[in-house]
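There are 2 protein chains.
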Amino acid sequence: MKQSQLFTRTSKEAPADAESANAKYLVQAGFVDQLTAGVYTYLPLGLRVLRKIQNIVREEIDAIGGQEILMPGLTPKKVWEDTGRWDSIDVLFRLEGAGNKEYALAATAEDIVTPLIKQFAQSYKDFPVLVYQISDKFRNELRAKSGILRGREFNMKDLYSFHLTQEGFDEFYEVAKGAYLKVYERCGLQAIVTKASGGDFTKKFSHEFQVETEAGEDTIYIDKETGEASNKEVVEEADWDNTDKYEIKKTIEVGNIFPLESRFSNAIDFKVPDENDHQTEIIMGSYGIGPSRVMGSIVEVMHDDRGIIWPKSVAPFAVHLISLSSKTDQKKIDGEAERIYKELTKSRVEVLWDDRADVSAGAKFADSDLIGIPLRLVVSDKTLDQDSVEWKERASTEMEMVGLGDIKAKVEDWAQA
Amino acid sequence: MKQSQLFTRTSKEAPADAESANAKYLVQAGFVDQLTAGVYTYLPLGLRVLRKIQNIVREEIDAIGGQEILMPGLTPKKVWEDTGRWDSIDVLFRLEGAGNKEYALAATAEDIVTPLIKQFAQSYKDFPVLVYQISDKFRNELRAKSGILRGREFNMKDLYSFHLTQEGFDEFYEVAKGAYLKVYERCGLQAIVTKASGGDFTKKFSHEFQVETEAGEDTIYIDKETGEASNKEVVEEADWDNTDKYEIKKTIEVGNIFPLESRFSNAIDFKVPDENDHQTEIIMGSYGIGPSRVMGSIVEVMHDDRGIIWPKSVAPFAVHLISLSSKTDQKKIDGEAERIYKELTKSRVEVLWDDRADVSAGAKFADSDLIGIPLRLVVSDKTLDQDSVEWKERASTEMEMVGLGDIKAKVEDWAQA
Numbered sequence: 001m002k003q004s005q006l007f008t009r010t011s012k013e014a015p016a017d018a019e020s021a022n023a024k025y026l027v028q029a030g031f032v033d034q035l036t037a038g039v040y041t042y043l044p045l046g047l048r049v050l051r052k053i054q055n056i057v058r059e060e061i062d063a064i065g066g067q068e069i070l071m072p073g074l075t076p077k078k079v080w081e082d083t084g085r086w087d088s089i090d091v092l093f094r095l096e097g098a099g100n101k102e103y104a105l106a107a108t109a110e111d112i113v114t115p116l117i118k119q120f121a122q123s124y125k126d127f128p129v130l131v132y133q134i135s136d137k138f139r140n141e142l143r144a145k146s147g148i149l150r151g152r153e154f155n156m157k158d159l160y161s162f163h164l165t166q167e168g169f170d171e172f173y174e175v176a177k178g179a180y181l182k183v184y185e186r187c188g189l190q191a192i193v194t195k196a197s198g199g200d201f202t203k204k205f206s207h208e209f210q211v212e213t214e215a216g217e218d219t220i221y222i223d224k225e226t227g228e229a230s231n232k233e234v235v236e237e238a239d240w241d242n243t244d245k246y247e248i249k250k251t252i253e254v255g256n257i258f259p260l261e262s263r264f265s266n267a268i269d270f271k272v273p274d275e276n277d278h279q280t281e282i283i284m285g286s287y288g289i290g291p292s293r294v295m296g297s298i299v300e301v302m303h304d305d306r307g308i309i310w311p312k313s314v315a316p317f318a319v320h321l322i323s324l325s326s327k328t329d330q331k332k333i334d335g336e337a338e339r340i341y342k343e344l345t346k347s348r349v350e351v352l353w354d355d356r357a358d359v360s361a362g363a364k365f366a367d368s369d370l371i372g373i374p375l376r377l378v379v380s381d382k383t384l385d386q387d388s389v390e391w392k393e394r395a396s397t398e399m400e401m402v403g404l405g406d407i408k409a410k411v412e413d414w415a416q417a
Numbered sequence: 418m419k420q421s422q423l424f425t426r427t428s429k430e431a432p433a434d435a436e437s438a439n440a441k442y443l444v445q446a447g448f449v450d451q452l453t454a455g456v457y458t459y460l461p462l463g464l465r466v467l468r469k470i471q472n473i474v475r476e477e478i479d480a481i482g483g484q485e486i487l488m489p490g491l492t493p494k495k496v497w498e499d500t501g502r503w504d505s506i507d508v509l510f511r512l513e514g515a516g517n518k519e520y521a522l523a524a525t526a527e528d529i530v531t532p533l534i535k536q537f538a539q540s541y542k543d544f545p546v547l548v549y550q551i552s553d554k555f556r557n558e559l560r561a562k563s564g565i566l567r568g569r570e571f572n573m574k575d576l577y578s579f580h581l582t583q584e585g586f587d588e589f590y591e592v593a594k595g596a597y598l599k600v601y602e603r604c605g606l607q608a609i610v611t612k613a614s615g616g617d618f619t620k621k622f623s624h625e626f627q628v629e630t631e632a633g634e635d636t637i638y639i640d641k642e643t644g645e646a647s648n649k650e651v652v653e654e655a656d657w658d659n660t661d662k663y664e665i666k667k668t669i670e671v672g673n674i675f676p677l678e679s680r681f682s683n684a685i686d687f688k689v690p691d692e693n694d695h696q697t698e699i700i701m702g703s704y705g706i707g708p709s710r711v712m713g714s715i716v717e718v719m720h721d722d723r724g725i726i727w728p729k730s731v732a733p734f735a736v737h738l739i740s741l742s743s744k745t746d747q748k749k750i751d752g753e754a755e756r757i758y759k760e761l762t763k764s765r766v767e768v769l770w771d772d773r774a775d776v777s778a779g780a781k782f783a784d785s786d787l788i789g790i791p792l793r794l795v796v797s798d799k800t801l802d803q804d805s806v807e808w809k810e811r812a813s814t815e816m817e818m819v820g821l822g823d824i825k826a827k828v829e830d831w832a833q834a
């Protein structure tokens, strides 16, 4: 894409109320725009990143057998009453429509997916069932903060699993854990599996995926001996007098997985006959990753004082091609830049070409560092004097000159590495 | 995908309250599930169709220069007050959150996109601006009906254009019209461009895209002489005493485009200096297509008494491969079916393989007709006796036998035709 055609632009100043790196840089670089507290519009650059994260999640959840569906955001009161949560979920947005019909906005979807699966899975042969969706969720948070980390509307992948046996559930729970770790790894994040309380649903532990960062609002405790991580709540309950046996880290939660036992299936009397025609309880799990929260977390972990440093896997573009103003032959610079742009685009390398005519080299470089595309290629009088392009990776301080004839092959190799 | 693994199943009976072909067949075949009046879950088959329609829309809107963004569903009262529509849009869902903050659910997005673009487009050089999103909209309809044709939550592509001159707007309006016609054509629909009133926004006409069907709730009037189509409102105002000069058709509206003049830009004082530094009004247009409504319309137009007949471009799968029970050698049938399944899948042909063991041939054929995948291939004792597969297209009554060695090439040719 040509940058001259992108309707967004970077802003020199960070938003006044930005409390965190992700709020600051994502707004300043034109990835997102805050419509109101906790509610963001995804601009072209931001939507590209969000989609890439969603696709990584989709691929890994498809790979473990998840079937994708899409449940609505507008949900009738009845489904929440049936599970006893209409009054108990404090962040539920409630509203009234025509004919005094009451609705809630989907804050999560156990209450919707359980009756859905009950309709279809009527025999033991139909299990396990693994369904997920990637959709916006709505939570009436008292305080929305930290940019896109905790929104009132946010994007979430929620997977639900339905099993006939505890062993079947336990096995899948570990499979899901593995898929989650693959998602984070592909997004450039090192996630730490952390024991957390099972809350109201189960006496077992649930698990959070935590990423270390100074800006984190969570604290995790890593047992120096076993290496096992637990969240604060778990340590408080079990071992609060022995905290010096733990290494303590500040973290952001980027996902969680939850044994639900038969909390939701029993609430709506969802049972099926087993091989011997005995009614069997359905054991469920839920598994959440927020692609928008992952996007914010990546920025928290991967930035410097000039801007974002996107990993290649989720970057809005792979290459930021920059053509500078010429003192002698603008046509030559623009011509070479266009040739490289077309050549790389044809090879399916995603290129943002900063073709803006009236912008200084300094401003272009500052924008490029702020936006954080992994590879910067500069075409200028200076580089063309050497029949070359200047190659610089965002995460590195080194620059090198690459011959005009070699650039395509070298970028292709780099993109696939 | 193997049908044995699909968690949905067809149902023998149509839903009791189905008033229309799309409600009947989409629910019965397991494409969608009604959660409450006007609110549907997209099941795996339905989500595949919806995505294909969205992708066709995205490609055609990208091709005319649209930049994709994603605005939120939860929107603050202020943006609707600023444009004077908080009280005037009767289908707006209004709700209250923490701190007595009032919100509306996005019913449309002129009120959100106009201040967004105002932030970025500050010079005449930045125009035109063409932005769109594909997202769910929410409308508090008194009566939701006709399956997914008129929902309280529905999927919509909404494009907004911003121009400095009337000529610029007029030109783009025609370009958008052309893109819309391409979308419908690719979806297998013949849309009729129909003059409609400009409503409160403009004295000019807006345009609807109407598709003829007996089940249509709209009526259009085609001038027998000029061939020009108008909707009822326009004819009533202009020419109600001469209705015999028109051919009258029952139709479904599948999209509309709207000159907004400066209704929304002026409301928030969005003007920019032109070349001569004179403040210039911004002229806008809005352009809507509902992918979920298009999906329902395709079913209304393309079905018979056995089920849906999807066009190849939006079908959930291209090929429905059916292996039947054998009286002599089940292993042979399953082996050949698996070989074809793998071979076609490897060639990127999307195949649903009905590999279910305990289902009769009659039930498999009935399911296949109901689901409506364009090409059915049957592997059975009978076909293998002739070293063949039975080939039948959903839209045709003819069957033919195709040799096992020829099937891959023939399907590839058919898929690309």
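Which chain is which? The protein sequence lines are A and B, in order. Residue 308 in the numbering used here is what sits at position 308 of the first sequence, and the numbering runs on without skipping anything. Residue 786 in the numbering used here is what sits at position 369 of the second sequence, and the numbering runs on without skipping anything. Just so you know, even glycine gets a beta-carbon here, dropped at the ideal spot from N, CA and C.
If the cut is a Cβ gap below 7 Å, which residues of chain B does residue i touch?
{"i": "E431/A", "result": "As displayed, chain A neither begins before 1 nor continues past 417, which places residue 431/A out of reach and without an answer."}
{"i": "V129/A", "result": "F424"}
{"i": "F317/A", "result": "Ordered by position in chain B, no residue passes the 7 Å Cβ test against F317/A, which lies about 14 Å from the chain."}
{"i": "D136/A", "result": "G490"}
{"i": "L47/A", "result": "E485, I486, L487"}
{"i": "L116/A", "result": "D450, T458"}
In chain A, what lies closer than 7 Å to residue i by C-beta?
{"i": "Y459/B", "result": "I69, L70"}
{"i": "T453/B", "result": "P76"}
Tell me residue i's beta-bridge partners as DSSP assigns them.
{"i": "F555/B", "result": "E570/B"}
{"i": "P76/A", "result": "Y103/A"}
{"i": "T202/A", "result": "Note: T202/A sits in no beta bridge, so no partner."}
{"i": "M399/A", "result": "K392/A"}
{"i": "S777/B", "result": "Answer by DSSP bridge pairing: none, since S777/B is not bridged."}
{"i": "R376/A", "result": "H320/A, K392/A"}
{"i": "L512/B", "result": "L95/A, Y520/B"}
{"i": "Q419/A", "result": "Look at the range of chain A in this structure, 1 to 417, and you will see that residue 419/A is not part of it."}
{"i": "I665/B", "result": "Y638/B"}
{"i": "S197/A", "result": "DSSP lists no partner for S197/A."}
Starting from residue i, find everything on chain B with Cβ-Cβ shorter than 9 Å and list it in chain order.
{"i": "L142/A", "result": "A515, G516"}
{"i": "E209/A", "result": "Glu is not the amino acid found at residue 209/A; the sequence shown has Phe there. Neighbours of F209/A on chain B: none; closest Cβ ~25 Å, over 9 Å."}
{"i": "V411/A", "result": "Result: empty, since nearest Cβ-Cβ is about 24 Å, beyond 9 Å."}
Does DSSP classify residue i as helix, strand or coil?
{"i": "W86/A", "result": "coil"}
{"i": "L159/A", "result": "strand"}
{"i": "F470/A", "result": "Because chain A here runs from 1 to 417, residue 470/A falls outside it and cannot be looked at."}
{"i": "I340/A", "result": "helix"}
{"i": "Q550/B", "result": "strand"}
{"i": "W310/A", "result": "coil"}
{"i": "K327/A", "result": "coil"}
{"i": "L6/A", "result": "coil"}
{"i": "Q34/A", "result": "strand"}
{"i": "E629/B", "result": "strand"}
{"i": "A415/A", "result": "helix"}
{"i": "V57/A", "result": "helix"}
Starting from residue i, find everything on chain B with Cβ-Cβ shorter than 8 Å and list it in chain order.
{"i": "R9/A", "result": "F537"}
In chain D, what lies closer than 7 Å to residue i by C-beta?
{"i": "I529/B", "result": "No chain D appears in the structure shown, which is made up of the protein chains A and B."}
Listing by chain order, which chain A residues have their CB less than 9 Å from the CB of residue i?
{"i": "F510/B", "result": "L74, L95, E96, G97, Y103"}
What does residue i reach in chain A if we use C-beta pairs closer than 8 Å?
{"i": "V456/B", "result": "P72, L74, T75, P76"}
Segment contact, 8 Å Cβ cut-off, at least three pairs: the segment 622–631 of chain B with the segment 662–682 of chain B: A contact exists between the segment 622–631 of chain B and the segment 662–682 of chain B.
Segments of 3+ residues assigned as beta strand (DSSP E) that fall wholly inside the segment 250–306 of chain A: As far as the segment 250–306 of chain A is concerned, its whole beta strand (DSSP E) runs of at least 3 residues are 271–273, 279–281, 283–289.
Just checking, does the segment 696–716 of chain B make contact with the segment 574–588 of chain B on the three C-beta pairs under 8 Å criterion? As far as the Cβ criterion goes, the segment 696–716 of chain B touches the segment 574–588 of chain B, which means the pair count is three or higher.
Okay, do the segment 445–459 of chain B and the segment 488–497 of chain B touch, 3+ Cβ pairs below 8 Å being the bar? No: fewer than three Cβ pairs fall under 8 Å.
Is there contact between the segment 382–401 of chain A and the segment 40–56 of chain A, where contact requires at least three CB pairs shorter than 8 Å? Using a C-beta cut-off of 8 Å, the segment 382–401 of chain A makes no contact with the segment 40–56 of chain A, since fewer than three inter-stretch Cβ pairs fall below that distance.
Counting Cβ pairs closer than 8 Å, one from the segment 135–152 of chain A and one from the segment 19–33 of chain A, do we hit at least three? Contact between the segment 135–152 of chain A and the segment 19–33 of chain A is present, because at least three Cβ pairs lie under 8 Å.
Check whether the segment 733–742 of chain B and the segment 791–802 of chain B touch, using three or more Cβ-Cβ pairs below 8 Å as the test. With the cut-off at 8 Å, the segment 733–742 of chain B and the segment 791–802 of chain B touch.
Within the segment 217–244 of chain A, ranges of the alpha helix (DSSP H) (whole runs, at least 4 residues): DSSP runs (the alpha helix (DSSP H)) wholly in the segment 217–244 of chain A: 232–239.
Is it the case that the segment 295–307 of chain A contacts the segment 326–341 of chain A, given that we only count it when at least three CB pairs across the two stretches are under 8 Å? Judged by Cβ distances under 8 Å, the segment 326–341 of chain A makes no contact with the segment 295–307 of chain A, as fewer than three pairs qualify.
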